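Last residue of the sequence shown: 189 (the working numbering), numbering continuous.
Structure, as C-alpha cells:
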Amino acid sequence: MEACAQAGFAVHRRESYYRIPIDPAVTGLAGAVLPAGLDVLSAADADITRLRLLDDTLRQDVPGSKGWRWDAGQFRAETFSPFFDPATYLVAVDRASGEYAGLVRIWRTRAGPRLGLIATLAQYRRRGLARALLGRAFAVLAARGDKSVVGEIDDTNLASVSLLTGLGARRYGGTVELIRRQPG
Numbered sequence: 006m007e008a009c010a011q012a013g014f015a016v017h018r019r020e021s022y023y024r025i026p027i028d029p030a031v032t033g034l035a036g037a038v039l040p041a042g043l044d045v046l047s048a049a050d051a052d053i054t055r056l057r058l059l060d061d062t063l064r065q066d067v068p069g070s071k072g073w074r075w076d077a078g079q080f081r082a083e084t085f086s087p088f089f090d091p092a093t094y095l096v097a098v099d100r101a102s103g104e105y106a107g108l109v110r111i112w113r114t115r116a117g118p119r120l121g122l123i124a125t126l127a128q129y130r131r132r133g134l135a136r137a138l139l140g141r142a143f144a145v146l147a148a149r150g151d152k153s154v155v156g157e158i159d160d161t162n163l164a165s166v167s168l169l170t171g172l173g174a175r176r177y178g179g180t181v182e183l184i185r186r187q188p189g
C-alpha cells in the first residue's frame, strides 16, 4: 500500500467478503419472527415498479451507492436474470399501508447462494425485520442442502457487519478500491 500512496493513490473504499452459515442452530434465526403488522411476499409477486423504487431508496444507505437510480428495463433484466430465486428474494410489506418495508435478495449462482442485499427502510429498523427476512430465506436454502451463503460488505457499514457477524459470518477476503488524486 505504501508504494500506491507514493504514486498518488488513496484508499477510497474497502469491502470484505463473508461466508455466512445458514444453520439456524448457528445463526439463532430459528425463532426470528416478523414484526407485527408485516407480511412477506416473493419478488416474483411484487409490483416491479414499487420494488425498483424500494431498491433505489435502500441503496442510498449502502456505502458506494449514493445517488443510484435504476432504469426500469435494467432493473427488470437484473431482477429476473437466470440467478433470480423467487424463494429467496423476499419483500416485507406493511399490512396497514401496503408500503414495501425491506427486502432480502439471495441469488442462485453457479458457485452457490450469494447474498445480494439485506436492507430495511429506516422506520422499520431495530425491530428484527432483517433477521426475520434472513431466517425465511436461509430456511429455504437449508432445506435445499446449502450450508452457507457468501456476500460482501463495505467495511464502513457497521450495522450490516454487526448483523452478519452476529449470525456467525466469517471474513474470508476482500478488496480495496484505490483512487488517484489529481495534483492541484
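Quick reminder that beta carbons are idealized off the backbone N, C-alpha and C, glycines included.
In this text the structure is predicted, and so the values were computed from the model without any measurement.
### Message
Let me check one thing: in DSSP terms, what residues is V145 bridge-paired to?
### Response
Answer is none; V145 lacks a bridge partner.
### Task
Under 6 Å Cβ to Cβ from V155, same chain only, skipping five residues before and after it: list those, please.
R24, R119
### Query
How close, in whole Å, do the beta carbons of F80 and D66 come, if the pair is a contact with beta carbons under 8 Å?
Not confirmed; about 18 Å, so no contact.
### Query
Helix or strand or just coil, what does DSSP make of V166?
helix
### Query
Does the count of Cβ pairs from the region 177-187 and the region 46-61 closer than 8 Å reach three?
no
### Query
Does DSSP classify A174 as helix, strand or coil?
coil
### Query
Is it buried or exposed for D90, if we count other Cβ within 10 angstroms and need 16 for buried?
buried
### Message
I'd like to check one pair, L122 with R131: are the Cβ atoms closer than 8 Å?
### Response
no
#### Entry: Assigned exposure category for R136 - 16 Cβ within 10 Å defines buried
buried
### Per-residue DSSP class, three states only, for I184
strand
### Task
Could you check how far apart the C-beta atoms of G173 and T32 are, in whole angstroms? I think they sit under 8 Å.
6 Å
### Message
Could you tell me which whole beta strand (DSSP E) segments of length 3 or greater appear in the region 111-160?
### Response
117-125, 153-159
#### Entry: Bounding residues of the beta strand (DSSP E) (the contiguous stretch that carries R19)
14-26
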